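Reviewing the structure listed below.
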Amino acid sequence: MNSYKRESAFDETSEALDGSGVPLKRTRTLGTLALGGLILSACGPTFGAFRGATTQGQSMFHLYQGFFYTAIAVGAITFSGLLYVVLRFRRRTDTIPHQRHSNVPIEVIYTVIPTLIVIALFVFTVRSENKITAVSSTPNVSVKVTAFQWGWRFTYANGVSIVSQGANYPQLVLPETETTKITLVSQDVVHGFYIPAFNFSRYALPGVTNYFDFNPTTTGTFVGRCSQLCGLYHGEMLFSVRVVTPAQFQSWLTQQKAATA
Ligand SMILES: [Cu+2]
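Listed below in structure tokens is the structure:
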């Protein structure tokens, strides 16, 4: 009797209405779903990608994560169907199931659903790419990155230049949260400006100038490398990226300027 009472008391609360007249139970379910989605995207599996140390890198990561979740859902449905027929018609004595020439509703479903999935993935891709490739007209910092066989030169607007010197790999210093506009060029052959933690790679092409922005979201030091086989010492084309607070960045830049002078 006690358990019955508790159950009925629970039912009363769960069927209660919230202000808008929607049953509380449904509101809670929707809330749980939304929270679940939020937790999945914030702390869900990375599927081997970086979470992204820039706002652009995070957009890339969320797109990749969304593609992966979609692939898992499609895979689960496909394999469930496959497993069902394998088990359902496993007996040797089973006669061949009823064969039909066509089934219009099923054909419509398996044409329309994949089309909708592709359209949705396309829309999300365009939205993410627009965010990733957007270039600010009023960046806080501008750096020209020059790739050459086999190193990098980072030139800041005030003339400070950091360049590869033998085994001394250059370091690109960026301010956290602020917008840094990168102008990427190549002095000789095709190179790839790749920062794994930023989920970002872009060709450095001779005769072509590429522009993009970085808005770092966290301080730290990250590995950078050339992602295009560009010759004998391609493997030596390493660099690092150090993200510091804007105040630290300003004092670093002033110090470098004084050292150059
Ligand atoms: Cu290279």
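Just so you know, we're using the working numbering here: the sequence shown kicks off at 4 and counts up by one. Note that the Cβ used here is the ideal one computed from N, Cα and C, for glycine as well. A quick note: this is a predicted structure, and the numbers were derived from the prediction, not measured.
Reduced DSSP category for residue i - H, G, I as helix; E, B as strand; rest coil
i, result
"residue 150", "strand"
"residue 174", "strand"
"residue 65", "helix"
"residue 214", "strand"
"residue 25", "A caution first: residue 25 carries a pLDDT of 48, below 50, which makes its placement in the model unreliable, though a value can still be read off. It is coil, neither helix nor strand."
"residue 236", "coil"
"residue 169", "coil"
"residue 55", "coil"
"residue 188", "strand"
"residue 95", "coil"
"residue 162", "coil"
"residue 196", "strand"
"residue 227", "strand"
Whether residue i touches residue j by CB criterion (9 Å)
i, j, result
"residue 231", "residue 206", "yes"
"residue 142", "residue 216", "yes"
"residue 214", "residue 129", "no"
"residue 120", "residue 73", "yes"
"residue 167", "residue 240", "yes"
"residue 68", "residue 82", "no"
"residue 131", "residue 66", "yes"
"residue 199", "residue 226", "yes"
With 16 other Cβ atoms within 10 Å as the buried cut-off, status of residue i
i, result
"residue 228", "buried"
"residue 101", "exposed"
"residue 154", "buried"
"residue 59", "buried"
"residue 260", "exposed"
"residue 104", "exposed"
"residue 185", "buried"
"residue 195", "buried"
"residue 57", "buried"
"residue 99", "exposed"
"residue 135", "buried"
"residue 112", "exposed"
Contact belief for residue i with residue j at Cβ below 8 Å, rounded distance in angstroms
i, j, result
"residue 177", "residue 246", "5 Å"
"residue 221", "residue 179", "7 Å"
"residue 157", "residue 144", "With a Cβ gap of about 11 Å, residue 157 and residue 144 do not count as contacting."
"residue 64", "residue 52", "6 Å"
"residue 162", "residue 263", "7 Å"
"residue 218", "residue 182", "5 Å"
"residue 3", "residue 152", "Here the chain covers residues 4 to 264 and nothing more, so residue 3 does not appear."
Close-in-space but distant-in-sequence residues of the same chain around residue i (CB under 8 Å, 5 per side omitted)
i, result
"residue 24", "Confidence at residue 24 is low in this model, with a pLDDT of 47, below 50, so the placement of that residue is unreliable and no value is reported for it."
"residue 92", "100"
Same chain, Cβ closer than 7 Å to residue i, neighbours up to 5 away in sequence not counted
i, result
"residue 55", "61, 63, 64, 201, 202"
Neighbourhood of residue i by C-beta, 6 Å cutoff - its chain only, sequence neighbours within 5 removed
i, result
"residue 174", "243, 245"
"residue 160", "145"
"residue 109", "none"
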